[in-house]
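In the numbering used here, the protein residues as written are 79 to 288. Ideal Cβ positions, reconstructed from N, Cα and C, are used throughout, including at glycine.
What follows is the structure in structure tokens.
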């Protein structure tokens, strides 16, 4: 695919090359984000295939090239994952590290209040978090893109709760899973959801042993 955000000289460079499968998935996601109606896509791939980086690039592309001034939310099932994703995103894109916020249940009241204020004032464009994002006090005014990791860990009402945190009635939605379980299948059949599949692992990746 060809996209400004992937070309050298446009603000940042990745320390490695994307796989063809990642490029294909990004092309499909970028195509959705350019449409006048909201994206509703499931990104599926094995552990280690690079789904998270695809989601990160989609977030950067959207906030930088598609809808400047918007906000993205990244929902993870555990605090460890949420922290890891926020840190990795900041490391990949240090130029926007100051715009990355993290909201988890273990934050102190003062830290939580400060984070909520920066989210509400649009100081944080990229909001990472756990179930803490569902709290009534959380207001992501310009929420235009929701990314949900390990989508099978969240219910329909929880996803809806996140998507209703902003002023936009129908933000773009990107779900991710490494588990092609029956619920994922039913989402694509009955939920009118598009699917992108990453079928290859980056070169040199060690085999997953469980």
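>> Need the endpoints of the alpha helix (DSSP H) that residue 110 sits in, please.
In response: 98-111
> In chain order, which continuous runs of the beta strand (DSSP E) of length 3 or greater are located wholly inside the segment 148-213?
Replying inline: Counting only runs of 3 or more, we get 149-153, 178-181, 204-207.
> Taking buried to mean at least 16 other C-beta atoms within 10 Å of its own C-beta, is residue 87 buried or exposed?
Replying inline: Summary for residue 87: the model assigns pLDDT 30, below 50, so the residue's position carries little reliability; its value from the coordinates is reported in the next sentence. With fewer than 16 other Cβ atoms within 10 Å, it is exposed.
>> What does the Cβ neighbour count give for residue 92, buried or exposed, with the cut at 16 atoms within 10 Å?
In response: exposed
>> Three Cβ pairs or more, each shorter than 8 Å: is that satisfied between the segment 208-215 and the segment 125-140?
In response: no
>> In this structure, how does DSSP classify residue 117 when only helix, strand and coil are distinguished?
In response: coil
> Taking all protein chains shown into account, do 16 or more other C-beta atoms lie within 10 angstroms of the C-beta of residue 158, making it buried, or fewer, making it exposed?
Replying inline: exposed
>> Tell me which residues share the same chain as residue 99 and place their Cβ nearer than 6 Å to its Cβ, disregarding the 5 neighbours each side in the sequence.
In response: 276, 277, 278
> So residue 121 packs on residue 254, CB below 8 Å; how close in whole Å?
Replying inline: Residue 121 to residue 254, Cβ: 5 Å. Contact.
> Below 8 Å, can you find three or more Cβ-Cβ pairs linking the segment 135-143 to the segment 184-200?
Replying inline: Short answer: they don't touch.
> Can residue 152 and residue 216 be called in contact, C-beta distance under 7 Å?
Replying inline: no
> residue 245 and residue 219: beta carbons closer than 7 Å?
Replying inline: yes
> From what residue to what residue does the alpha helix (DSSP H) around residue 130 run?
Replying inline: 129-139
>> Between which two residues does the beta strand (DSSP E) holding residue 255 run?
In response: 250-255
> If you count every other CB in all the chains shown that lies within 10 Å of the CB of residue 119, and 16 or more means buried, which is it?
Replying inline: buried
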